[in-house]
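Letter by letter, the sequence shown follows residues 15 to 925 of my numbering.
For reference, the structure discussed in these notes is given below.
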Amino acid sequence: MRKERPASKFLAVASAIGISLALAACGGGGGGGGGGFAFLPPTSTPPASGGDNPPAGDPPDNPPPPPVQPVVSCADLAGRSLPASLISLPTQGATVTSATPVAASDAGNTLGDYCRVRGTIQPVDPNSQSINFAVNLPEKWNQKTIHFGGGGFDGVLIDGTEVIRFGPAGKPAPLALGYATYGDDSGHQSGSITDGKFAANDEQLANYGGNSLKKTRDVAQALVLARYGMAPKHAYFLGTSTGGRDALSYIQRWPLDYDGVIANEPALNYTGTRLSNVAVGRALYNNGGAGWMNVAKTLLVQKAAMQACDKLDGAADSIVSNVESCRLLNSQILASLRCSGGADTGDTCLSDAQLDTVRAIESPLDFTTYALANGVKRAGGYNLLEGALVAGPFTTRDLGTRKVPANPATSADANMYVTGDQWVKFFVTRIANFDTLTFDPLDPGSYAARVTEVSNLTDATDPNLAPFFAHGGRLIMLHGLADEVISPNSTIDYYRQLVATVGQASVDQSVRFYTVPGMGHGTGSFIPNWDSLAALEGWVENGLAPATGVAVDAVAGTYGRTRPLCLFPAWPKYRGSGSLDAAVNYSCVTEVGDPLACPNLPAAVTTYKGGDSFGEELRVQIDPATMAYTVTIDASLQRTAGTVRSGTLVSEGNCSYASAESGAVFSFGAGGVLSGGVNAPSGGGFAPLLAFQNAFQNAATPTVFNPVANIFNAVGVQQGTGGTAAHASSVRLRNAGTFQYCRDPVSGAFMTYDASCTQTEKGYITYNGTRGAFDLYTTSPTGSAVTTGGTLTGSMVIGLVNGVAVPVHLVRESAANMGMRVYGLQQSLVSGTADGSYALVSVKGENHDATVAGTGLNLGGAAAALNYDTPVLGVAQADAGRPGNFIFNSGVLAFVSTDTAKAALEFGVRH
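What follows is the structure, given as structure tokens:
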């Protein structure tokens with residue numbers, strides 16, 4: 015990509031710096047785009063290892079050349095000066111203040127042998143501070159350089175010894191890999207990266223806007239040339255946040271200096287970001303702080319968003335991946351949070367003013383009366399209602415601890431507002447005690463022109479990267495979709511403008527833009543580790559364009575799980591089987607659907623037949639047009655047949671709906687199966703129910719049960735005056751309609767079915783056309799199978815899910831013995847068959863999410879390992895993480911607990 019200029023081309027001007035080195039203008043190898051320069055040794059021939067051309071016959075993927083050794087000692091660089099004429103932008107020259115050899119054996123040094131150079135670049139304005147720079151020159155140089163960008167308001171020296179941001183664990187820093195590295199403090203010094211006072215000086219502000227980057231780069235490249243006698247083969251720029259803005263700003267202004275750039279979570283729409291900060295502050299603090307939200311209320315918002323959107327990607331993993339579908343739920347989420355009447359009534363809801371604050375954080379700013387640099391008229395909002403976190407354990411940035419902010423704002427105030435306040439005071443008005451709450455971002459009045467002027471200095475929104483692409487430049491951008499500091503939506507806006515400007519084909523050839531669900535600003539519920547530098551090297555040096563990557567989570571509690579690193583606009587969707595923690599089980603998709611739509615809803619008014627955990631037989635009627643529901647009790651020991659419950663279902667997404675049944679969530683599964691709940695006949699709460707759109711009946715041939723006869727495992731619950739107990743057994747349903755339960759004589763639970771079992775129940779079923787279910791009669795446990803006589807002790811509904819029988823036994827023996835048993839075939843249950851996400855309801859009146867992924871189970875947040883076909887075929891046994899067993903039948907999962915502190919039975923449908 016970059017061509018070295020042989021040393022014979024350089025003019026010796028050693029007298030300019032008083033050392034036996036030469037200085038000269040340098041084009042290709044050291045710095046196009048603005049007249050670079052170089053220190054050079056007194057030789058016209060660079061070391062042999064530095065040639066461009068490989069030996070004849072070498073394959074294109076031959077290994078890199080051996081490292082280059084220095085031709086000038088580290089000590090010889092100390093105290094030397096560089097004239098202003100050889101720095102592209104105006105300065106008073108540069109001085110090396112120290113050049114210190116660092117040995118690989120030095121205590122605490124993991125970076126190998128290198129020369130640590132520190133120096134200053136003197137300003138033109140005597141009232142401006144100098145630029146402090148750092149350059150590190152390894153003893154074994156790989157012929158490449160890395161420029162590191164800054165962070166926040168800068169003011170702290172970027173010394174070039176850092177590891178790659180979001181890089182793989184254990185990978186050495188670039189300096190240790192042989193890179194010459196460098197950085198600066200952007201031309202001012204401060205103890206805080208949120209201190210904006212420097213911007214009151216024009217030269218310091220221009221340096222922060224990008225000038226210091228060019229000045230530092232020119233000096234650093236000169237030192238590289240002086241030290242090694244040759245220009246680098248490749249030069250890269252790596253930056254995050256403000257550093258990401260630095261990277262983009264640089265290639266927009268000086269496109270020929272760098273071959274490849276990594277811009278993580280870039281603050282590219284810098285002015286838009288600060289205006290958004292101010293807008294949030296005004297929503298929080300104006301009107302006596304009516305819109306301010308404490309941590310409890312902020313967490314309430316985050317929880318509501320997560321509950322609504324977590325499962326839209328198919329996985330309950332505390333990561334909102336399907337962000338744009340989630341965005342469609344904004345109105346619903348906000349409505350669910352509103353305090354009755356709109357006034358603040360405590361931490362369980364939000365007032366109207368607080369809801370306006372959420373909207374201010376969430377919504378973009380659209381500028382109609384003026385424009386920012388490059389014609390930008392929009393600043394992206396933050397994805398607070400799509401998984402971004404501004405309170406809680408995954409971020410250190412919140413909305414402050416008080417309703418009235420200080421002037422200037424401090425760390426006790428909202429993190430967003432602190433930086434916006436500094437920006438208004440020192441970048442725009444230059445009035446240190448200015449009341450930022452009076453500054454209207456949408457109509458800055460007399461300050462509008464100044465805002466645009468500052469934007470031209472500091473923003474990195476020029477979408478014409480054609481000059482950078484034309485010389486082979488490559489760009490990798492990455493942004494977390496849950497970023498709470500720099501809006502990912504501004505980066506998305508820039509990417510789209512880039513496509514509109516240079517064309518999709520050019521962007522596809524030269525840009526990779528990754529968006530990461532769950533990732534905040536170096537925070538969040540998913541922090542990706544991946545080797546972006548290796549990806550850039552492979553692309554620039556070998557033509558291997560990155561595609562979908564794999565990111566490893568660096569968050570302590572979920573460390574090591576992986577996700578695909580999807581190219582925008584794709585996002586990772588769980589495939590429905592396999593470990594939730596493995597990237598291989600996700601696909602990068604671009605689909606964005608209505609999250610409130612449910613493909614499993616019936617097309618017209620439909621009645622489902624089933625029962626609940628008290629053995630009650632019931633019907634559920636659903637009107638998909640209005641989502642009105644009616645539950646009618648058909649048979650019960652505790653309430654009159656014909657008892658009706660009704661209400662309206664409210665979508666929670668993913669085919670789950672809130673109801674008026676004491677918190678029960680109704681969920682519609684594929685194949686016409688419904689789980690939910692109905693107000694319990696006694697004791698409060700809800701009784702979980704399971705019902706079917708289609709059910710087996712044999713009214714025309716009442717003695718024929720062949721289509722549904724089989725050997726099953728049964729799990730269930732016994733409830734009544736004697737308490738609540740789990741049930742686990744095997745059962746055979748015969749062709750004639752007789753049945754026999756068997757339980758292991760030792761455990762009283764599962765066993766391989768044996769007609770001669772001793773712990774047994776026997777009986778038969780017969781169809782009752784009036785109720786649309788089978789009456790169930792119990793006969794003598796010691797007698798033979800009969801289809802007459804016996805005692806009516808309940809009923810059976812045999813659901814048909816995609817034609818497969820799912821029998822449900824509803825026990826109504828007595829007040830001491832009521833319950834429910836769900837059947838699953840007693841045949842091998844292979845790992846993977848039951849994989850997926852489930853909505854479960856429990857006999858304790860609880861709703862739980864569950865995920866089965868291979869040999870892993872997560873039920874209500876408790877993780878357990880699974881052993882399949884244990885203790886019998888068709889049963890999965892969970893370990894101590896959530897002790898119990900489950901059966902699976904046609905998308906229905908039923909779990910019985912062996913932990914008496916947990917619900918004895920939970921069941922539900924797969925999403």
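Backbone N, C-alpha and C fix where the C-beta goes; we use that ideal spot for every residue, glycine too.
One or two residues paired with residue i in a DSSP bridge
i, result
"N861", "V855"
"G734", "G737"
"K623", "R633 and F706"
"M307", "BP columns for M307 are empty, so no partner."
"S689", "S681 and L704"
"F900", "A890 and F909"
"K228", "Its beta-bridge partners do not exist; DSSP assigns none."
"K776", "Q754 and T793"
"L364", "R352"
"M641", "In DSSP, M641 forms no bridge with anything."
Euclidean distance between Cα positions of residue i and residue j
i, j, result
"S95", "S226", "17 Å"
"G786", "S670", "26 Å"
"D358", "D366", "8 Å"
"A862", "L854", "The displayed chain sequence assigns His, not Ala, to residue 862. When rounded, the distance between both Cα atoms is 5 Å."
"C363", "R373", "15 Å"
"L342", "A584", "17 Å"
"N278", "L547", "12 Å"
"R924", "G905", "5 Å"
"S142", "F212", "9 Å"
"S119", "E153", "13 Å"
"S350", "F381", "30 Å"
"T57", "L239", "Low per-residue confidence applies at T57: pLDDT is 29, beneath 50, and the placement is therefore not dependable, though the value from the model is reported in the following sentence. C-alpha separation (whole angstroms): 12 Å."
"T159", "T109", "20 Å"
"P616", "N816", "14 Å"
"A877", "R896", "6 Å"
"T717", "G808", "19 Å"
"A62", "A234", "With a pLDDT of only 35 at A62, under the threshold of 50, the placement of this residue in the model should not be trusted; the figure read from the coordinates follows. Their Cα atoms are separated by approximately 23 Å."
"P246", "D545", "22 Å"
"T424", "W306", "16 Å"
DSSP-derived helix/strand/coil call for residue i
i, result
"V910", "strand"
"Y193", "coil"
"S601", "strand"
"V525", "strand"
"M533", "strand"
"V916", "The sequence shown places Lys at residue 916, rather than the Val named in the question. Note: K916 maps to coil in three-state DSSP."
"H925", "coil"
"Y1", "The chain is shown only over 15 to 925; residue 1 falls outside these bounds and no answer can be derived."
"R659", "strand"
"Q218", "helix"
"K247", "coil"
"T452", "helix"
"M430", "helix"
Proximity winner among the options, relative to residue i (alpha-carbon distances)
i, options, result
"T914", "G898, V923 and R924", "G898"
"L369", "S345, F726 and G389", "S345"
"G777", "S770, G783 and T805", "T805"
"P81", "W155, D893, E400 and V438", "W155"
"A709", "V658, G803 and Y622", "Y622"
"N447", "A214, Y264 and D507", "A214"
"G661", "R464, G833, V634 and D427", "V634"
"A329", "G850, R510, V513 and L871", "G850"
"Y264", "D545, A642, K916 and F482", "F482"
"G169", "L651, I207, G698 and E217", "I207"
"F753", "H823, G730 and A674", "H823"
"D198", "A596, L219 and L171", "L171"
Decide if the stretch 464 to 479 is in contact with the stretch 282 to 299; the criterion is three or more beta carbon pairs, one per stretch, under 8 Å apart. The stretch 464 to 479, when compared against the stretch 282 to 299, does touch it at the 8 Å Cβ threshold.
Three CB pairs or more closer than 8 Å across the stretch 150 to 169 and the stretch 244 to 255: They touch, by the three-pair rule.
Between the stretch 306 to 320 and the stretch 395 to 413, do three or more beta carbon pairs fall short of 8 Å? Using a Cβ-Cβ distance cut-off of 8 Å, the stretch 306 to 320 and the stretch 395 to 413 are in contact, since at least three pairs of beta carbons, one from each stretch, lie closer than that value.
Does the stretch 424 to 432 come close enough to the stretch 261 to 275 to have 3 or more Cβ pairs within less than 8 Å? The stretch 424 to 432 is not in contact with the stretch 261 to 275.
Does the structure place the stretch 680 to 698 close enough to the stretch 709 to 719 that three or more beta carbon pairs sit under 8 Å? With contact defined as three or more Cβ pairs closer than 8 Å, the stretch 709 to 719 and the stretch 680 to 698 are not in contact.
Stretch-stretch touch, CB-based, cutoff 8 Å, three pairs: the stretch 530 to 541 with the stretch 489 to 509: Contact holds: three or more Cβ-Cβ distances are below 8 Å.
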